[in-house]
Amino acid sequence: MARSNGRILIVEDDPLLAGMMVDFLLAEDYEVDGPYASVRDGMAALATHMPDGAVVDLHHPSRSVSLLKDDLETYAIPLLEGEDSEVQDLQRRLLPWLRHMRH
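So for the sequence shown, the numbering used here puts the first residue at 890; every next one is plus one.
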């Protein structure tokens with residue numbers, strides 16, 4: 890069995906973007922934790938097992954999204970924020986971020 894490049898937590902409330910990210914990460918040999926459509930579910934996943942990186946892209950973020958970001962920062966987990974990104978923009982940014990994260 891091939892070794893993965895790491896586990897990526899996905900917190901994404903758009904099913905189309907979530908599916909695209911999952912497919913992309915799996916094709917790049919990453920394990921995927923998620924996608925989770927809410928901050929609450931993302932925080933529960935983070936408490937269960939630490940990822941190597943996280944993508945947070947919520948189109949309707951709650952105030953608690955800052956708590957999730959704070960937790961990721963506390964544990965020095967690299968974070969890519971989408972914040973209403975279009976699919977093409979997220980794809981363009983995701984691969985370079987993953988490559989940088991590995992080094």
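Glycine residues also receive a C-beta, built at the ideal position from the N, C-alpha and C atoms.
Can you find at least 3 beta carbon pairs, one from the segment 894 to 906 and one from the segment 943 to 952, that sit closer than 8 angstroms?
yes
8 angstroms Cβ cutoff met for E917 and L987
Cβ distance < 8 angstroms, so E917 and L987 count as in contact.
Below 8 angstroms between beta carbons: does that hold for Y964 and M932?
no
I need the boundaries of the beta strand (DSSP E) containing L968, first residue and last residue.
968 to 970
Ignore the nearest five residues each way along the sequence and tell me which others in A907's own chain have a CB closer than 7 angstroms to its CB.
Cβ within range, chain order: I899, E901, P924.
Endpoints, alpha helix (DSSP H) assigned at R952:
Here R952 belongs to no alpha helix (DSSP H), and DSSP marks it neither H nor E.
If I measure Cβ to Cβ from A934 and keep anything under 7 angstroms in the same chain, skipping five residues before and after, which residues do I get?
Contacts found: L898, D922, G923, Y925.
What residues in its chain sit with their C-beta under 6 angstroms from that of M890, if we drop five residues either side in the sequence?
Note on M890: pLDDT 46, under 50, position unreliable in the model; no value is reported.
At what residues does the alpha helix (DSSP H) containing G931 begin and finish?
928 to 937
Residues of its chain near L957, where Cβ-Cβ distance is below 6 angstroms and the 5 sequence neighbours each way are ignored
V928, G931, M932
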